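Peer 1: Mapping of the sequence shown onto the numbering used here: residues 75 to 1116, in sequence order.
Heads up, the beta-carbon is just placed ideally off N, CA and C, and yes, glycines get one too.
Quantities reported herein were computed from a predicted structural model and do not represent experimental measurements.
Structure below; questions to follow.
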Amino acid sequence: MDVPTPDLVCPDTTWAMGRVSSYGWGVWESRLHALFAVQCRYQLEDESAHLDEMPLMMSEEGFENEESDYHTLPRARIMQRKRGLEWFVCDGWKFLCTSCCGWLINICRRKKELKARTVWLGCPEKCEEKHPRNSIKNQKYNVFTFIPGVLYEQFKFFLNLYFLVISCSQFVPALKIGYLYTYWAPLGFVLAVTMTREAIDEFRRFQRDKEVNSQLYSKLTVRGKVQVKSSDIQVGDLIIVEKNQRIPSDMVFLRTSEKAGSCFIRTDQLDGETDWKLKVAVSCTQQLPALGDLFSISAYVYAQKPQMDIHSFEGTFTREDSDPPIHESLSIENTLWASTIVASGTVIGVVIYTGKETRSVMNTSNPKNKVGLLDLELNRLTKALFLALVALSIVMVTLQGFVGPWYRNLFRFLLLFSYIIPISLRVNLDMGKAVYGWMMMKDENIPGTVVRTSTIPEELGRLVYLLTDKTGTLTQNEMIFKRLHLGTVSYGADTMDEIQSHVRDSYSQMQSQAGGNNTGSTPLRKAQSSAPKVRKSVSSRIHEAVKAIVLCHNVTPVYESRAGVTEETEFAEADQDFSDENRTYQASSPDEVALVQWTESVGLTLVSRDLTSMQLKTPSGQVLSFCILQLFPFTSESKRMGVIVRDESTAEITFYMKGADVAMSPIVQYNDWLEEECGNMAREGLRTLVVAKKALTEEQYQDFEPMQSSSVESTHSTYTCAHRRLPLCPQSRYTQAKLSMHDRSLKVAAVVESLEREMELLCLTGVEDQLQADVRPTLEMLRNAGIKIWMLTGDKLETATCIAKSSHLVSRTQDIHIFRQVTSRGEAHLELNAFRRKHDCALVISGDSLEVCLKYYEHEFVELACQCPAVVCCRCSPTQKARIVTLLQQHTGRRTCAIGDGGNDVSMIQAADCGIGIEGKEGKQASLAADFSITQFRHIGRLLMVHGRNSYKRSAALGQFVMHRGLIISTMQVCHHIHHVPSVLLSAGPGREARDGDALPGAVQGPHQGKILVLQNLPHLGFNKYLPRRHPHVWGPGALRV
């Protein structure tokens, strides 16, 4: 960019030059230079800001234009709409009413500003502010708002409001043209059915809420334990939660009955993941001798303000009565969120958030009343027919010459021709929809299907976007180990017996060598170090790879309690029962469990683990003990995890690490096979992990984490390694980085990076995530029908990409554009421009980048994403899923369908035009909140292709028939009036009762409604049910709204 001259930048330069003679050039020269520098700096900032605010162009030609074309922001372009009479008639009045109601609601219910809080242990009375009650309320109405609310939902549509006005007009004697029952009976029937259905649903919601709010929990007080209802829990209470019990509110984990000071919780109803999560108690409170000592200390928790992010938490624990005061940093691993289940032990926590401030409630949207597109189209058609009705009535009054009380005749003509919009239309459609729902539930090809919303079955035949969850919906969330690659040799499912043989021989040889070395005084480690370095054999390489896999993980073996044995007795036993019958593995990722289960199948078994040690069992039954010195958990930024262990028998210190190939390639030593083999496994749909190790000397580890001698007495924190105590030096770099409150992750990564150099590459593993039955053909059929499929998941980016490939959501011929991590408007602008130049490319984006794009470039991003054949959004929160659904509805105007199986999918299901829930491993919460419930994902094919299409065609044909019948009746009346001007109906006076013939038009619509419904369905009874599935393109007209 050319630097502007001073006279262009500073308009006051001429004035300044005129005053030079008065003050001298030297003084003014310095001032001009300063002014020029400031002006240039501001201009550069303005230009960078202008570039940052530059909206994206949607075509290559527009992108190549000059900067002068970028003069309008996206939101300004969206708001430039024509607002005339058409807008006011169609949407303006609704917009004005909604705005006024929203304004009044905001005045009456102003949202309370959320703030950070200080919570004292066991002292709710010390809370400075009033917090919401810990009650769950999913009801839409109460006793006073039920009838007004239901009536408003019915009569906010012009069709129902028109019927109401017509029926009320019959109470006026001068306008009465028939019997009252012919008008009020159909309308009353519709209202009675609707209110009964809403009352039943509301009562069921009330029963479920009452059951949850009435659950009893043990509250710890100074006088002991007392029972308290879930709805009576307050911020600051100390709550005891037993095993398999739901956590009632958001809490900080203080104590547990587990000896290791940690416990497992199930979070499937919160984040959709079926794997157990490991939670760690606050060390200060866990080390207290007795439970009652929690009231003998003066301590408090400082917690951040309530927020929606379920994957992060920042807080501190402070104990004031110690000298010096103890300060402990709190993170997500020290929290227990509401709606999760305790899976092991008994936990005690202090309540920090209650009610609507909990993470689960903040990530749940309020349910809405769903209206089908067919009903909306009929509502618009009713408006058009009403205008035609008014015009026809004016024409008829004109033909009479406006004689007599012409205005009364005008209203009577409006009533007389009201059968153009027949009042029985809603009755016929509601009865038809009920029949279509019954046919879905009785279909033997999709057993277990439940229709919970009978008013929108035809929506299944008009879908354009299908938004699906991954875990438990497309996949079974069951991992199977498929491949082990050592660089020169690869082992598959049919050669696993060779690995088992190598592992058995390797440990047998090591055991014999160890037995011979026991006679001498030289440790085994020194004997091995003195041996000459030779090329490792395949057996030793397999042994090292299997050992690395079984040590580098966050898996914990869990043993089921035997009948008659209490947990306290079990934990008191010195030797646990390591039998394979009652052992299960739990971890935060199913990949980890699959790897450890595979090592067990080849002979090396993980039998025990706590926070500081783990034990392995060899094929011969020998138990090997390892001390966990450091554990580096997996993060989305690092994309790898590591562990530093010390072998108890040899005192060797080894650093093991595994992670994604993109993160491990720069760390491991040079090789020529890793990149190629990772690509081969990815094309097979396998999830790959690179495993490496690095042997550390005592000097190297002390440089990373200095340790004092075990004989030195220290009051600092220690690691317990088997029977050895290793006090840690408080001045270590890693400890300081972990205690930092600012940029903690960056500082920890910088310290760990000193170890991640020239690591030895051991192996490459491939794990397959089992898909649900017939997922691939179902997705292919839906794509052929013109449905665009988006996958929204809370899983990692690599996992989501792999599942998108293996399920054929993204075909092998399509490219995948992975949207890089963006944090600012400028980065999002550049990345969107880069993505816009790609064609026929699937998009993979993370939740954080999605949030930035929607903040600044909402319209542009949605327009680009809608052009993709498939979109994968990973690391999405429940609220983000619902927001994506809403954006598609607003920007495209197309019908959306959301399908999921977990509690984290409820918001998405309720926000979509049509919600489908799957009863799976994650419970029935999604199924109960959905409009339709199925048992397997493959059933959605028949549900959409057959039942959805038929429901739409039959409802449309039924609506046309009823309207055409009304037009025929009205045409007959018009012809009768033209030829017989003194119409009988028009001559009826105020004091004259209507005759039997006067009720003929209304009677036609009453007794024959059942016959009409049967006759309309007869042409479809012989429909070929396999036609839409074999030829999905026949489903297209419904989606294209033709």
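#1: For the beta strand (DSSP E) containing residue 275, list its first residue and its last residue.
#2: Tell me, to the nearest whole angstrom, how far the beta carbon of residue 412 is from that of residue 323; I am working on the premise that it is less than 8 Å.
#3: Determine the closest residue to residue 908 out of 898, 921, 894, with distance taken between C-alpha atoms.
#4: Which value, in whole angstroms, describes the spacing of the CA atoms of residue 480 and residue 472?
#5: Out of 1047, 991, 1011, point me to the one whose CA is closest to residue 526's CA.
#6: In this structure, what does DSSP give as the bridge partners for residue 633?
#7: Report yes if the C-beta distance between residue 268 and residue 224 is below 8 Å; otherwise report no.
#8: Along the chain, where does the beta strand (DSSP E) that runs through residue 689 open and close?
#9: With 16 other CB atoms within 10 Å as the buried threshold, where does residue 350 fall?
#10: Where does residue 301 fall in DSSP's three states?
#11: Just checking, does the segment 871-883 make contact with the segment 562-573 on the three C-beta pairs under 8 Å criterion?
#12: Three-state secondary structure (DSSP) at residue 194?
#13: Shortest alpha-carbon distance to residue 686 belongs to which of 394, 680, 755, 703?
#14: Can you tell me the Cα-Cα spacing of residue 116 and residue 386, whole angstroms?
#15: Going by DSSP in three states, residue 553 sits in which element: helix, strand or coil?
#16: Is it true that the segment 663-679 meets the segment 353-369, where meeting means three or more beta-carbon pairs spaced less than 8 Å apart?
#17: Mind listing, in chain order, the continuous alpha helix (DSSP H) runs of no fewer than 4 residues lying wholly within the segment 415-446?
#18: Just checking, does the segment 535-555 make contact with the segment 832-846 on the three C-beta pairs under 8 Å criterion?
#19: Tell me whether the beta-carbon of residue 538 lies closer than 8 Å to the beta-carbon of residue 861.
#20: At which residues does the alpha helix (DSSP H) containing residue 909 begin and terminate?
#21: Please classify residue 799: is it buried, with 16 or more other beta-carbons within 10 angstroms of its beta-carbon, or exposed?
#22: How long is the line joining the alpha carbons of residue 279 and residue 491, rounded to whole angstroms?
#23: Please look up how many angstroms separate the CB atoms of residue 453 and residue 231, rounded, as I've assumed it's under 8 Å.
#24: How is residue 1046 classed by DSSP in three states: helix, strand or coil?
#25: For residue 327 and residue 423, which I take to be in contact (beta-carbon distance under 8 Å), what is that distance rounded to the nearest angstrom?
#26: For the segment 198-208 and the segment 305-318, state whether three or more C-beta atom pairs, one from each stretch, are separated by less than 8 Å.
#27: Residue 697 and residue 689: beta carbons closer than 8 Å?
#28: Suppose contacts are defined by Cβ-Cβ distances below 8 Å. Is residue 892 in contact with residue 884 by that definition?
#29: For residue 859 and residue 988, what's the separation of their Cα atoms in angstroms?
#30: Report all residues from its chain with a CB closer than 6 Å to the CB of residue 332; omit the five preceding and five following residues, and keep chain order.
#31: Are the segment 501-512 and the segment 1018-1029 in contact at 8 Å, needing three or more beta carbon pairs?
#32: Can you list, in chain order, the residues of its chain with a C-beta nearer than 6 Å to that of residue 1044? Leave out the 5 residues immediately preceding and following it.
#33: Closest to residue 456 by C-alpha separation, out of 1008, 496, 713, 739, would be which residue?
#34: Run the CB neighbour count on residue 533, radius 10 Å, all protein chains shown included, and call it buried at 16 or more, exposed below.
#35: Could you check what DSSP says for residue 577 in three-state terms: helix, strand or coil?
#36: What residues match up with residue 559 in a beta bridge as DSSP calls it?
Peer 2: Looking at the atomic coordinates:
#1: Careful: residue 275 lies outside any beta strand (DSSP E), inside the alpha helix (DSSP H) at 255-287.
#2: Taking the Cβ atoms as the reference, residue 412 lies roughly 5 Å from residue 323, within the contact range of under 8 Å.
#3: 894
#4: 9 Å
#5: 991
#6: 657
#7: With respect to residue 224, residue 268 sits close: the two C-beta atoms are nearer than 8 Å.
#8: 687-691
#9: So residue 350 counts as buried.
#10: strand
#11: no
#12: strand
#13: 703
#14: Here residue 116 scores only 43 on pLDDT, less than 50, and its place in the model is too uncertain to base an answer on.
#15: strand
#16: The count of Cβ pairs closer than 8 Å, one atom from the segment 663-679 and one from the segment 353-369, stays below three, leaving the stretches out of contact.
#17: Counting whole runs of 4 or more residues, the segment 415-446 contains the alpha helix (DSSP H) stretches 433-436.
#18: yes
#19: The criterion of a C-beta distance shorter than 8 Å is satisfied by residue 538 and residue 861.
#20: 899-910
#21: Its pLDDT being 34, under 50, residue 799 is placed unreliably in this model, and the value from its coordinates should be taken loosely. By the 16-neighbour rule on beta-carbons within 10 angstroms, residue 799 is exposed.
#22: Computed Cα separation, rounded: 43 Å.
#23: 5 Å
#24: helix
#25: 5 Å
#26: The answer is yes - the segment 305-318 touches the segment 198-208, with three or more Cβ pairs under 8 Å.
#27: yes
#28: no
#29: Within the model, the alpha-carbon separation for residue 859 versus residue 988 is close to 17 Å.
#30: 419
#31: Because the criterion of three Cβ pairs below 8 Å is met, the segment 501-512 and the segment 1018-1029 touch.
#32: 491, 493, 494
#33: 496
#34: Buried, by the Cβ-count rule.
#35: helix
#36: Answer by DSSP bridge pairing, in chain order: 564, 838.
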